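The numbering used here puts the first residue of the sequence shown at 2, with every later residue one more than the last. This report concerns only the one structure given below.
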Amino acid sequence: MQPTTIALIGAGQRGHVYTEYALLHPDKLKVVAVAEADPARRAAFQHLHAIDNANAYADWSDLLAAPKLAEAVLICLQDRMHFEPTNIALEAGYHVLLEKPMSTDPAECLLMGRKAAQTERHFDICHVLRYSPFFAKLKELLDGGAVGRLMSIQHNENVAHWHQAHSYVRGNWRRSDESSPMILAKSCHDLDILLWLAGADCVRISSFGSLSHFRSENAPEGAPTHCLHGCPVQDECLYYAPRTYLTDDTSWPTAVISNDMSYEAREEALRNGPYGRCVYRCDNDVVDHQVVNLEFANEVTAAFTMSAFTNENHRTLKLMGTLGEIRGAMDKNEIELIRFGGETTLIALDDTGGHVGHGGGDLRLIEGFVDSLRNSEAAENRTSAKTSVQSHLMAFAAEHARVTHQVVEMDVYTEQLMAAGRDVR
Ligand SMILES: NC(=O)c1ccc[n+]([C@@H]2O[C@H](COP(=O)([O-])OP(=O)(O)OC[C@H]3O[C@@H](n4cnc5c(N)ncnc54)[C@H](O)[C@@H]3O)[C@@H](O)[C@H]2O)c1
């Protein structure tokens, strides 16, 4: 069988993560075309995947205007650029694998859900956590009745202070008007997981949270706009940029600050670029802590906490059922199953072999997508766009609840969106 062919739109950080699968499994997947606006990134990607100039484009619209180049497209553009290329690609007959969020506009998500229901193409969203062995095991335990009937979920997303500073204070997702609110940008995965684990529609949501720490009034006295402009507290500040970005380790997050990883180029990027800014003097507005309470149609309740103020950078959960509880720590890849009045079992998941990223979810997701194209009937599809619409709407509803201080009824919220939206019925 020939490898499945794919075209990449957006050869940034995520585009590289998924297309690594083609380098590891050339018998299964081949990247045959790329659209990337940055010439250096485009050339580097062409080199990596041996793509000739005729199949390399500076803009996604030119790639999609060309005669169909591949069986599928992988869309890894920034948050606000997902809707149009997805629609055009589906119309052009491509299967589509789209990075989350589907869109930063709830009405567009509804439209995409309708498109997903109508199209005969595969249209999946990169909700990578559903493919991680950790969450897959939790789902398997719940479905197998390991703790009886599920009643409550406690889910913590421990963002880690340095990750918040990198992505949500200095980086691409710092402003909701340029990308999306934190609950969509960072936590749409978590709401999607809650929906999956709860196993029923979400009926109502409340939420609280704010941007409390990474604000100008918390800037140390005399702190300049950039750390390298002579910051007086550089020795004690947790967020002194050179300590993060000028080490020998040039993998993520350092990899995104410059195309050139030489020390000099990175230092220059910090001197005047976004990642060298004082974290208290940026133009960020997304929250640094937020809680969301959710109720599902089967009476399962969930409490979700996202916080920047953690040392660990991973998810921790407790799933409480009528016969026992499950505790899980994603980074340890460990699950504890406790049966009331019975034994406690420690389940160690050691099989992330070669599937690094989001607990092994990243490469498993692209593998699942490729398998579903090669053998539709056998493949299990966990992250179809049809399924993903609801979890995206939960994120928008949570943000609405946080901003308006209201409890949001999901059916009323969805009805209102449909009534106000652009022909989403
Ligand atoms: N699934 C996940 O867990 C996960 C994790 C991180 C990010 N994301 C999402 O993935 C998406 C991409 O994130 P990223 O970190 O790779 O971003 P990035 O900025 O590294 O990559 C986007 C690329 O698109 C290119 N581009 C911009 N305009 C273009 C155009 N008109 N035509 C072609 N290329 C163009 C940019 O030059 C850039 O290289 C975002 O929506 C982000 O929210 C998902």
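Beta carbons: idealized from backbone N, C-alpha and C, even for Gly. Please read all numbers here as calculations on a predicted model, not as lab measurements.
Is residue i near ligand 1, in the sense that its beta carbon is under 7 Å from a heavy atom of that ligand?
{"i": "Val287", "result": "no"}
{"i": "Ala55", "result": "no"}
{"i": "Gly277", "result": "no"}
{"i": "Asn1", "result": "Residue 1 lies beyond the range of the chain shown here (2 to 426); nothing can be said about it."}
{"i": "Met183", "result": "no"}
{"i": "Leu9", "result": "no"}
{"i": "Ala67", "result": "no"}
{"i": "Cys77", "result": "yes"}
{"i": "Met262", "result": "no"}
{"i": "Cys110", "result": "no"}
{"i": "Met127", "result": "Per the sequence presented here, residue 127 reads as Cys, with Met not at that position. Result yes, Cβ under 7 Å from ligand 1."}
{"i": "Asn294", "result": "no"}
{"i": "Gly1", "result": "No answer is possible for residue 1: the residues shown for the chain start at 2 and end at 426."}
{"i": "Arg15", "result": "yes"}
{"i": "Met113", "result": "no"}
{"i": "Glu37", "result": "yes"}
{"i": "Asn159", "result": "no"}
{"i": "Arg171", "result": "no"}
Please list, in chain order, all residues of the same chain as residue i whose beta carbon is under 6 Å from its beta carbon, the five residues on each side excluded.
{"i": "Ala399", "result": "Ile184, Ile206, Ser208 and Val293"}
{"i": "Gly16", "result": "Leu9 and Cys77"}
{"i": "Thr405", "result": "none"}
{"i": "His167", "result": "Pro254"}
Taking the continuous beta strand (DSSP E) assigned at residue i, which residues delimit it?
{"i": "Asp1", "result": "Nothing about residue 1 can be reported from this structure: the residues present for the chain run from 2 to 426 only."}
{"i": "Leu143", "result": "Careful: Leu143 lies outside any beta strand (DSSP E), inside the alpha helix (DSSP H) at Pro134 to Asp144."}
{"i": "Ile367", "result": "That residue, Ile367, is in no beta strand (DSSP E); its alpha helix (DSSP H) goes Gly362 to Arg375."}
{"i": "Met321", "result": "His315 to Gly322"}
{"i": "Glu335", "result": "Glu335 to Arg340"}
{"i": "Thr5", "result": "Thr5 to Ile10"}
{"i": "Ala73", "result": "Ala73 to Ile76"}
{"i": "Ile154", "result": "Leu151 to Asn159"}
{"i": "Leu49", "result": "Taken as a continuous stretch (DSSP letters only), Leu49 belongs to no beta strand (DSSP E), being part of the alpha helix (DSSP H) at Pro40 to His50."}
{"i": "Leu98", "result": "His96 to Leu99"}
Comparing C-alpha positions only, which one of the options sits nearest to residue i?
{"i": "Cys77", "options": "Leu418, Ile367 and Thr388", "result": "Ile367"}
{"i": "Pro275", "options": "Trp253, Cys127 and Cys228", "result": "Cys228"}
{"i": "Val280", "options": "Ala349, Phe341, Phe305 and Trp163", "result": "Trp163"}
{"i": "Val129", "options": "Asp191, Val170, Gln119 and Lys31", "result": "Asp191"}
{"i": "Glu179", "options": "Gln79, Gly210 and Glu92", "result": "Gln79"}
{"i": "Tyr241", "options": "Arg403, Arg272 and Ala93", "result": "Arg272"}
{"i": "Asp284", "options": "Ala118, Arg175, Ala41 and Ala303", "result": "Arg175"}
{"i": "Val1", "options": "Gly114, Arg42 and Leu65", "result": "With the chain running from 2 to 426 in the structure shown, residue 1 is simply not present."}
{"i": "Met419", "options": "Leu70, Ile52, Met2 and Pro107", "result": "Pro107"}
{"i": "Asn299", "options": "Ala73, Ala117 and Gly200", "result": "Gly200"}
{"i": "Arg365", "options": "Cys127, Pro233 and Ala59", "result": "Cys127"}
{"i": "Leu24", "options": "Ala118, Thr5 and Leu111", "result": "Thr5"}
{"i": "Ala59", "options": "Ala73, Ala309 and Ala44", "result": "Ala44"}
{"i": "Ile348", "options": "Ser259, Asn334 and Ser373", "result": "Asn334"}
Run through DSSP, which three-state label would residue i get?
{"i": "Ala298", "result": "coil"}
{"i": "Gly355", "result": "Caution applies to Gly355, whose pLDDT of 49 falls short of 50 and renders its modelled position unreliable; the value that the coordinates give is listed next. In the structure shown, Gly355 sits in coil (DSSP, three-state: anything other than H, G, I, E or B)."}
{"i": "Leu347", "result": "strand"}
{"i": "Cys1", "result": "In the structure displayed, the chain extends from 2 to 426; residue 1 sits before or after that span and is not available."}
{"i": "Glu109", "result": "helix"}
{"i": "Glu265", "result": "helix"}
{"i": "Ile184", "result": "helix"}
{"i": "Lys31", "result": "strand"}
{"i": "Val408", "result": "coil"}
{"i": "Thr306", "result": "strand"}
{"i": "Val425", "result": "Legend: pLDDT at Val425 = 44, less than 50; position of this residue unreliable, value from coordinates given subsequently. Residue state, collapsed to three classes: coil."}
{"i": "His164", "result": "helix"}
{"i": "Val234", "result": "coil"}
Give me, in chain order, the residues of the same chain whose beta-carbon lies closer than 7 Å to that of residue i; leave out the 5 immediate sequence neighbours on both sides.
{"i": "Cys189", "result": "Lys101, Pro102, Ser392, His393 and Ala396"}
{"i": "Asp424", "result": "Confidence is the limiting factor: at Asp424 the pLDDT is only 48, short of 50, which leaves the residue's position unreliable, though a coordinate-based value still follows. Closer than 7 Å at Cβ, skipping near neighbours: no residue."}
{"i": "Gly231", "result": "Pro225"}
What residue range does the alpha helix (DSSP H) around residue i cover?
{"i": "Glu400", "result": "Ala386 to Thr405"}
{"i": "Ala330", "result": "Premise fails: Ala330 lies in the beta strand (DSSP E), Gly325 to Ala330, not in any alpha helix (DSSP H)."}
{"i": "Gln417", "result": "Met411 to Ala421"}
{"i": "Arg15", "result": "Gln14 to Leu25"}
{"i": "Arg205", "result": "Run containing Arg205: none in the alpha helix (DSSP H); it sits in the beta strand (DSSP E), Cys203 to Ser211."}
{"i": "Trp61", "result": "Trp61 to Ala66"}
Quick one: residues in its chain with C-beta nearer than 8 Å to the C-beta of residue i, no 5 flanking neighbours on either side, listed in chain order?
{"i": "Val301", "result": "Leu151, Met152, Ser153, Ile154, Ala199, Gly200 and Ala201"}
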